[in-house]
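Residues in the sequence shown are numbered consecutively from 17, following my numbering. Read through the structure below, which is laid out as structure tokens, and then see the notes.
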Amino acid sequence: MKSAPDQTTIESARDKAHIITHSAVDVLLSRLDKVKRTGPGTWSARCSAHDDRGPSLAVRELDDGRILLHCFAGCDVHDVLAAVDLNVSDLFPPRAVDLRHKPERRPFPAADVLRAIGFEALVVAAAAVAMLAGEPFNDIDRDRLILAVSRIQAAMTAAGVSHG
Numbered sequence: 017m018k019s020a021p022d023q024t025t026i027e028s029a030r031d032k033a034h035i036i037t038h039s040a041v042d043v044l045l046s047r048l049d050k051v052k053r054t055g056p057g058t059w060s061a062r063c064s065a066h067d068d069r070g071p072s073l074a075v076r077e078l079d080d081g082r083i084l085l086h087c088f089a090g091c092d093v094h095d096v097l098a099a100v101d102l103n104v105s106d107l108f109p110p111r112a113v114d115l116r117h118k119p120e121r122r123p124f125p126a127a128d129v130l131r132a133i134g135f136e137a138l139v140v141a142a143a144a145v146a147m148l149a150g151e152p153f154n155d156i157d158r159d160r161l162i163l164a165v166s167r168i169q170a171a172m173t174a175a176g177v178s179h180g
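And the structure:
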């Protein structure tokens, strides 16, 4: 015979149902105090991470559903979210990849860029050695050499280095 679910299980199921039926920003705002809409997709509220007398927390929902938070008193976003029992991942709702938009440009660590360029330079060097030895290039070799050159150029662009 099955036992009745305990209170924790019921509350967990209720929380999951709430998240499924409401947007991420609705969940966040429902856990904050003194929430006030300040414009389309923007709100102010009392910061949950410190003893806030007035609203010092800015909340903004982007068109794609991501949520931005900023405490003007300087609280860390992790502390703000922990105080309302949320995680940073809750600010980034799952979404399908839209291949029509350019990916966001992010800075890459110099070591990663150098590592990528170094590997592709080895491909170019191997092709040069083969060419000097008189070995013929087939279509696969030629395509790989072209790919190596384009990856080197892309790495330089990602690093902010001009090609000139």
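For each residue, glycine too, the CB sits at the ideal point set by N, CA and C. Just so you know, these numbers come straight off a predicted model, no measurement behind them.
So, for residue i: in the same chain, excluding its five sequence neighbours on each side, which residues have a beta-carbon less than 7 Å away from its beta-carbon?
{"i": "V104", "result": "V93, H94 and L97"}
{"i": "T54", "result": "S60"}
{"i": "S64", "result": "L48, V96, A99 and V100"}
{"i": "G57", "result": "R76 and E77"}
{"i": "K50", "result": "A61, R62 and P71"}
Shortest alpha-carbon distance to residue i belongs to which of the options?
{"i": "D101", "options": "V177, V43, A89 and R167", "result": "V43"}
{"i": "G176", "options": "A141, R131, V165 and P125", "result": "P125"}
{"i": "A164", "options": "V75, E136, A170 and R158", "result": "E136"}
{"i": "A89", "options": "D67, P110 and P109", "result": "D67"}
{"i": "L199", "options": "A144, A174 and T173", "result": "Outside the displayed range of the chain (17 to 180) lies residue 199, so it cannot be described from this structure."}
Would a C-beta distance cut-off of 9 Å place residue i and residue j closer than the cut-off?
{"i": "L107", "j": "A40", "result": "yes"}
Taking residue i and residue j to be in contact with their CB atoms under 8 Å, please state how far apart those CB atoms are, rounded to whole angstroms.
{"i": "R167", "j": "A141", "result": "So it is not a contact: roughly 14 Å between Cβ atoms."}
{"i": "R62", "j": "L73", "result": "7 Å"}
{"i": "V194", "j": "A171", "result": "Examination of residue 194 is not possible in this model, given that the chain is present from 17 through 180 alone."}
Within a Cβ cutoff of 6 Å, which residues of the same chain sit near residue i, ignoring the five residues on either side of it in sequence?
{"i": "K52", "result": "S60"}
{"i": "H86", "result": "A74"}
Quick test of the definition: if touching needs 3 or more C-beta pairs under 8 Å, does the region 141-157 touch the region 69-83? no
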